[in-house]
Amino acid sequence: MIFSGKSSKIKITISPYIFILPAALFYVIFRLGPIILTVILSFFRWDGIIPTSKFIGLKYYIYILTDPLFRNALFHNIIFLILAIAIPVWIGFFLAVLLSEIPFFRTLFRAILFLPCIFGGVVVAYIWNWVYHPFAGLLNGILQSIGLNFLTSAWIGDTRLALLSVFGAYSWASYGYSMIFFLAGLQNISPELYDAATVDGANFWQKILYITIPSLREVFTFVIVLRILTSLKQFEIPFILTGGGPYYATDMMELYTYRFIADYELGLACAGATLEAVIVSTVALLFIRGREK
Amino acid sequence: MNFRTQKKVKIFLIYVFLIIFCLIAVLPISWVWLSSFKTNREISFSPFVLPKQIRWQNYIEAWQEGNFSTCMWNSAVVAFITTLFVVILSSLAAYAFAKMRFKANNLLFFIFFFGMTVPNPAVMGPLLSLVYKLRLTNTLWSLIFPYTASHLSFGILMMRAFFREIPTELEEAAKIDGCSSVQLLFLIILPLALPAIFVLTVLIFMGCWNEFYFAVILINDASKNTLPLGLRAFEGQYATNYALQFTGINIAAIVPIVMYIIFQKSFVKGAIAGSLKG
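Read top to bottom, the protein sequences are chains U and V. Mapping of the first sequence onto our numbering: residues -1 to 291, in sequence order. Mapping of the second sequence onto our numbering: residues 90 to 367, in sequence order.
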């Protein structure tokens, strides 16, 4: 027994790296390596499939930062971000509160309400492509059938409404996430708090404002960070629905860098991707820091 | 109005509101589903009427013209192999991170975690070059390897959290009985971790099934299309074939829906855990 104890000690000092090695190989070759190279190669001339060794410094970054199309794309991402924090988060919150109030069919309602979240961006985009169809689409059809003909529109084809329409599809596919997180959070609030508030004569809204929302502070932080990340990294939904159009009205950062990749302007693509990564992580970290204070 | 009726009215209003919201959630999907049984004419001219005749033919045509059998097969192969890789590799690594003491533990774990926080475009340029140099252009491997690598961080994070919950007394008892680390992992820890592995499997499989960004950039050969790419085939050079596009959307949506109905709990758990990888 004593000897076997010694031999197992030796095993432990050798084996951790053997357990990690297979995962590390994949990760270094296909993820970490490319990430590091992206940053390095964004300073070198690279158009075509193989990078060159010609150092060009910040040229690609200057090109992108002075490109009005990039600012246009970033602007749309920021609008998306603000709307994403304002709308799907609160829809999810109120659905969760309502679900926790009802006596029957809670699981069924939750299951149906979460359904839009199970599809990938492509299926969501194609479904909404039809909802927004100007002649045969569901949305205009509903508006006409309830006599609101003046509200019908081309939606994704209308430069003024396109971004909001893309956002509608995104919201539909994302409020469910907020809902399930808030539902999980609501279970942790002690019912005694509500009982005490009822005794004090608080109404429904006062309870939400003074008990529910403050108790869910951490869930709110998490759900909002999730919206920050997804709204700044939008790709599939605008790509399929509008392709960034009409007239770049729904263009976003990830579509902007995608065009460089499609044109084999890989140096510019690397610089664009690096900028995107920096912007996304800065916004997320600043938000988390701000909430911690 | 006394307190009880007031409360009943409130509950009733909540149900009404929830039903309206459920309609918003379900209507777009069910409408696409119904329309997939219509002719192109019906879709354009009577979009809100039930189909006169159920046209199963659309499904047969979509299957043939859209090459859906190829797309389904490719998606299944990519999702299956990737899930297998991720589950095995991340369980092994997570076991070391959760249960073994070594110097670089935290540092290595952080390096793995880092990959999850970086958006996908930040690997694309070098990845294209790498795929070209490895002669993997337009092969399913050009998707499987990057998918595996991008899901590994999350797999390790999730499995590590689960392994840490397993009490150390159990391992100590097993070690006294003469279990080696490898035996310990396969005979004791992994069977206990089956629920977590199952959630991870559902999550990774669906992630691969729905993935579009890598696929649209790396695959340029229709015979290697995955389902999300196959859907674009109906947009056509001349005119979109509406009936077939509806049908295609349904074929692509059917796997998530069926899996969701069967594994609802794992789906929600997976979504809660998976949203971390954002």
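Virtual Cβ for every residue (Gly too), placed ideally from N, Cα, C.
Each residue's CA atom was taken as its position, placing V:Ser242 and U:Ile18 some 12 Å apart. Judged by DSSP in its simplified three-state form, V:Phe352 adopts coil rather than helix or strand. Of all residues in the segment 188 to 204 of chain U, only Phe202 place a beta-carbon less than 9 Å from a beta-carbon of chain V.
Taken atom to atom, the span from the alpha-carbon of U:Phe179 to that of V:Asp266 is near 43 Å. Residue-level contact by beta carbon fails for V:Leu123 and chain U, as no gap is shorter than 8 Å. The beta carbon of V:Leu320 sits closer than 7 Å to the beta carbons of Gly337, Ile338 and Ala341 from its chain, once the five residues preceding and following it are set aside; these are given in chain order.
Taking a C-beta cut-off of 7 Å against chain V, the contacting residues of the segment 204 to 237 of chain U are Leu224, Leu227, Thr228, Lys231, Phe233 and Glu234, listed in chain order. Apart from the 5 residues on each side of it in sequence, U:Thr228 has no Cβ closer than 6 Å to any other Cβ in its chain. Fewer than three pairs of CB atoms, one per stretch, sit closer than 8 Å, so the segment 87 to 95 of chain U makes no contact with the segment 147 to 157 of chain U. For U:Ala247, the CB contacts under 7 Å within the same chain, skipping 5 residues up- and downstream, are Thr157, Ala160 and Leu161 in chain order. The shortest C-alpha to C-alpha distance from U:Asp45 to any of U:Phe258, U:Val278, U:Val281 and U:Gly288 is the one to U:Phe258. Residue burial annotation: U:Pro212 is exposed, with fewer than 16 other C-beta atoms found within 10 angstroms of its C-beta. Within the segment 338 to 357 of chain V, Ile338, Ala341, Ala342, Pro345, Ile346, Met348, Tyr349, Ile350, Gln353, Phe356 and Val357 place their CB atoms closer than 9 Å to a CB of chain U, listed in sequence order. Per the C-alpha coordinates, the member of U:Leu136, U:Gly166 and U:Ser40 positioned closest to V:Leu116 is U:Leu136. The C-alpha of U:Pro14 is placed about 8 Å away from the C-alpha of V:Ala182. Using a CB distance cut-off of 8 Å, V:Cys111 counts as an interface residue toward chain U. Across the structure, V:Ile177 and V:Leu229 are spaced so that their CA atoms are roughly 20 Å apart. At a beta-carbon threshold of 9 Å, none of the residues of chain V lie near U:Trp153; the nearest stands roughly 13 Å away. In the structure shown, U:Phe117 adopts coil according to DSSP, grouped into three states. In this chain, the alpha helix (DSSP H) harbouring U:Val221 covers Arg215 to Leu230.
A residue is called buried when at least 16 other Cβ atoms come within 10 angstroms of its Cβ; U:Asp249 meets this threshold and is buried.
Closest in C-alpha terms to V:Ser312, from the list V:Thr128, V:Gly244 and V:Ser164, comes V:Ser164. In the DSSP annotation of this structure, V:Trp145 is not part of any alpha helix (DSSP H), being labelled neither H nor E.
Remark: C-beta atoms of V:Pro235 and V:Phe303 approach each other more closely than 8 Å.
A residue is called buried when at least 16 other Cβ atoms come within 10 angstroms of its Cβ; U:Gly90 meets this threshold and is buried. Look at V:Phe294 here: in three-state DSSP terms it is helix.
At a C-beta separation below 9 Å, V:Gln334 has these neighbours in chain U: Tyr124, Asn127 and Trp128.
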